Structures are given as C-alpha cells and as structure tokens.
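Undergrad:
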Amino acid sequence: MNKSLLNKILASKAGYAALILRVPVGLILAAHGAQKLFGWFGGNGLAGTAGWMSSIGIEPGYLMAILAGSAEFFGGIALVLGLLTRPAAVIAAFTMLVAIFSVHISNGLFASNNGYEYALTLMVALISLSIQGGGYLSIDKALSDKSHRV
386 MNKSLLNKIL ASKAGYAALI LRVPVGLILA AHGAQKLFGW FGGNGLAGTA GWMSSIGIEP
446 GYLMAILAGS AEFFGGIALV LGLLTRPAAV IAAFTMLVAI FSVHISNGLF ASNNGYEYAL
506 TLMVALISLS IQGGGYLSID KALSDKSHRV
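Now the structure itself:
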C-alpha cells in the first residue's frame with residue numbers, strides 16, 4: 386500500500402473527542418457482533434442469525450450473518466483501539482445502513498417499535514469517525530507519528 390495513502394487513512398487531528406465517541410460506539414458494536422457470531426449476551430449465534438436473515442430475505446443468510454457480525458464485532462474492537470478507525474467506521478456504517486433499510490425502516494423512527502433511530506444514531510456516529518479518524522489517543526495516531534519519523 387502506498388505510504389501516503391496509509392498516512393491519510395491513519396492521520397487525525399480530532400483530538401481527544403474521538404476517543405469519547407470511539408469507545409462506547411465500538412463496545413456497543415462489538416457486543417452486537419458477538420451476539421450474531423457467538424451467541425454471547427443473549428444473542429442467537431451464527432446459525433440463529435443466519436436463519437433469521439434468510440427468513441427476511443437477506444440471502445445467503447449464513448454469509449450475510451458472518452459479514453454483518455464480523456463488521457460489528459471486529460469493527461467495534463478496531464474502533465475501541467483506534468486501529469484503522471476510518472475503514473472500520475465506514476464498513477460498520479454501511480452495515481447500519483443495510484440494517485436500517487432491510488429491517489427497521491418499515492417500523493418508523495422509534496426504537497420502541499423496532500424502528501431505525503438506534504441504527505441511524507450509530508451510523509451517524511460512525512460517519513463522524515470516518516471523517517475525523519481515531520483522534521489523539523489511538524493506535525492510528527501512534528502509527529502515523531511513527532511513519533512520519535521514519
């Protein structure tokens with residue numbers, strides 16, 4: 386990968402505020418992904434998630450469950466660490482967009498009716514992280530600083 390492109394992906398002047406956004410959003414995403422992939426926290430696990438996705442027309446269910454669960458779980462961990470923040474946030478934001486339009490949109494806005502407000506809130510936070518990067522306290526920042534010294 387081009388060193389200049391990598392520096393653009395890693396660089397961030399977001400300061401400390403990105404940490405305040407990254408950590409809770411990352412933990413929430415990782416927990417949701419763990420429900421889908423591993424059945425943790427009362428989730429249905431991979432087989433259950435795959436069956437549910439197939440039942441609502443998201444096919445192939447097993448592959449889609451792996452993709453959605455991985456985007457949330459591994460993307461969430463990456464966000465908490467501030468590692469490849471921008472790519473992780475973009476992938477997770479796309480996952481939320483798919484969730485909004487495939488699951489929640491017909492239920493209206495409010496989460497109490499299984500609406501899209503929660504997924505929309507996560508998506509907007511993820512778009513913000515995609516734009517600003519990981520911030521001052523991130524692995525991205527440390528790697529960016531190191532590459533500038535080399």
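Under the numbering used here, the sequence shown has 486 at position 101, and the numbering climbs by one with no breaks.
We treat Cβ as the ideally placed atom computed from N, Cα and C, and that holds for glycine.
Being a predicted model, the structure only gives us computed values, none of them experimental.
Can you say whether Glu-457 is buried or exposed, counting buried as having 16 or more other CB atoms within 10 angstroms of its CB?
TA: buried
Undergrad: Within 10 Å of its beta-carbon, does Ile-516 have 16 or more other beta-carbons around it, so buried, or fewer, so exposed?
TA: Exposed, because fewer than 16 other Cβ atoms sit within 10 Å of the Cβ of Ile-516.
Undergrad: Considering only the beta carbon of each residue, do Ser-464 and Ala-473 sit closer than 7 Å?
TA: According to the sequence shown, residue 464 is Leu rather than Ser. Cβ distance < 7 Å, so Leu-464 and Ala-473 count as in contact.
Undergrad: Tell me whether Ser-439 sits in a helix, a strand or coil according to DSSP, three-state version.
TA: helix
Undergrad: Cutting at 7 Å between CB atoms, please list the residues of its own chain near Phe-426, excluding the five before and the five after it.
TA: Ala-416, Ala-419, Gln-420
Undergrad: So what's Pro-472 in DSSP terms, helix, strand or just coil?
TA: helix
Undergrad: Output yes if chain C places a C-beta closer than 7 Å to the C-beta of Leu-422; else output no.
TA: Judged by its chain identifiers, the structure shown contains no chain C, having just a single protein chain.
Undergrad: Using 8 Å as the threshold, is the segment 494–510 in touch with the segment 428–447, meaning 3 or more CB pairs across them?
TA: no
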